[in-house]
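Just so you know, the sequence shown maps onto residues 148 to 407 in the working numbering.
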Amino acid sequence: MNFDLQLKGQRALVTGGTKGLGAAVVKSLQEVGVQVMTTARSAPDRPLEGVTYVQTDLTTAEGVSELARVVKEQWGGVDILINSVGGSTAPAGGFAALDDAVWLSELNLNLMSAVRLDRALLPAMLAKGAGVVLHVTSIQRVLPLPESTTAYAAAKGALSTYSKSLSKEITPKGVRVLRVSPGWIETEASVTFAKRMGAEAGTDYEGGKKMVMDWLGGIPVGRPATPKEVADLITFLVSPRAASVSGSEHVIDGGTVPTV
Ligand SMILES: NC(=O)c1ccc[n+]([C@@H]2O[C@H](COP(=O)([O-])OP(=O)(O)OC[C@H]3O[C@@H](n4cnc5c(N)ncnc54)[C@H](OP(=O)(O)O)[C@@H]3O)[C@@H](O)[C@H]2O)c1
């Protein structure tokens, strides 16, 4: 067996690729010879040479249209589309703290950004009869945490169902559709969060990390995943080496989800 992923020369669009998981995916794809375009609202602190950065807000229909326009103008289309953008800014306080504005904002970021972008870029893939679309979901779609992320978890649940339906429609036409469902990833943002939780409880980062792991009911491997570990899984799944994988969700959570 050799480990050539056969991705050299392919064109990939990764959303949310300036920080966290998206940035790791951009790097991982570039390392195996993929031409990468990525997006965020702000410019990256340390842009990678050779990567095209497009500044746009993907929570709006206009922002998605603008990105699709740039893709079509510069490349005509993409071979690989990775919808990594997502997250939650909802306040703590359970269901009562989530008003319509919060719900719509979580749905726009975690569901509609992908729905709109897929709709804009899939016709070119279908015309070629080839391509891969990947949606980054979350274990919260099966293990929701009610304190502040109910709307986020529900949006990821909808994203997952949408992704499955899309795969049934377009896999027979040559376009694979996949999901990757991470548990806790040790991104810069989650390190800052664990440090803050630790500091509030009078302990350090390791103490804060343990608190977050306890809230999740424990992580059997004993630590969160690194962004690179999740990016490597995504890179394999979008490669031709995974040509018979479609319609499935791939969990990478160190064993966090306690059920089958
Ligand atoms: N981190 C975890 O533990 C974890 C666990 C499970 C699932 N996930 C999922 O993994 C994905 C990546 O998460 P992450 O934690 O790595 O994210 P992150 O570190 O917060 O990075 C998010 C990226 O998306 C961009 N972005 C945010 N809002 C945007 C908007 N409205 N329009 C365009 N770009 C926007 C950000 O740049 P700007 O701020 O400059 O726009 C940044 O590049 C998400 O789908 C998340 O739900 C994460």
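Glycine residues also receive a C-beta, built at the ideal position from the N, C-alpha and C atoms.
Query                                                                                                                                                                                         : Result
Please go through the same chain and pick out, in chain order, the residues whose beta-carbon is closer than 6 Å to the beta-carbon of Lys356, but skip the five residues on each side of it. : Ala341
How about Gly232: is its Cβ closer than 7 Å to a heavy atom in ligand 1?                                                                                                                      : Going by the sequence as given, residue 232 is Val instead of Gly. Checking every heavy atom of ligand 1 against the Cβ of Val232, one is found closer than 7 Å.
What's the gap between the Cα of Ala274 and the Cα of Gly197?                                                                                                                                 : 28 Å
How should Ala348 be labelled, buried or exposed, when 16 other C-beta atoms within 10 angstroms of its C-beta is the threshold for buried?                                                   : exposed
Would you mind listing the beta strand (DSSP E) stretches within the region 200-243 that are 3+ residues and don't spill past its ends, in chain order?                                       : 227-230
How close, in whole Å, do the beta carbons of Val338 and His397 come, if the pair is a contact with beta carbons under 8 Å?                                                                   : Between His397 and Val338 the Cβ distance is about 24 Å, and since that is not below 8 Å, they are no contact.
With hydrogens ignored, establish whether the beta-carbon of Arg216 is closer than 7 Å to any heavy atom of ligand 1.                                                                         : no
Could you check how far apart the C-beta atoms of Leu205 and Ser260 are, in whole angstroms? I think they sit under 8 Å.                                                                      : 4 Å
Tell me whether Pro291, by its Cβ, gets closer than 7 Å to a heavy atom of ligand 1.                                                                                                          : no
At a cut of 8 Å, does the region 304-318 reach the region 263-281 through at least three beta carbon pairs?                                                                                   : yes
For Thr165, which residues from the same chain have a beta carbon less than 6 Å from its beta carbon, with the 5 sequence-adjacent residues on both sides left out?                           : Ala187, Pro191
Considering only residues of the same chain and omitting the five flanking positions on each side of Trp362, which have a CB-CB separation below 8 Å?                                         : Leu292
Taking the alpha carbon of Glu220 as the point to measure from, which residue in Val201, Ala389, Pro374 has its own alpha carbon closest?                                                     : Val201
Run the proximity test for Gly304: is its beta-carbon closer than 7 Å to any non-hydrogen atom belonging to ligand 3?                                                                         : With respect to ligand 3, the structure shown offers nothing to examine, as its ligands consist of ligand 1.
Taking its Cβ as the centre, do 16 or more other Cβ atoms sit within 10 Å of Thr185, making it buried, or is it exposed?                                                                      : buried
One question on the structure: do Glu333 and Pro371 come within less than 8 Å of each other, judged by their Cβ atoms?                                                                        : yes
With H, G and I counted as helix, E and B as strand and the rest as coil, what does DSSP make of Gln287?                                                                                      : helix
Which residues in the same chain as Ile381 place their Cβ atom closer than 7 Å to its Cβ, once the five residues preceding and following it in sequence are excluded?                         : Val172, Ile229, Leu281, Val327
Quick one: which unbroken alpha helix (DSSP H) runs of 4-plus residues sit fully inside the region 351-388? Chain order, please.                                                              : 352-362, 374-385
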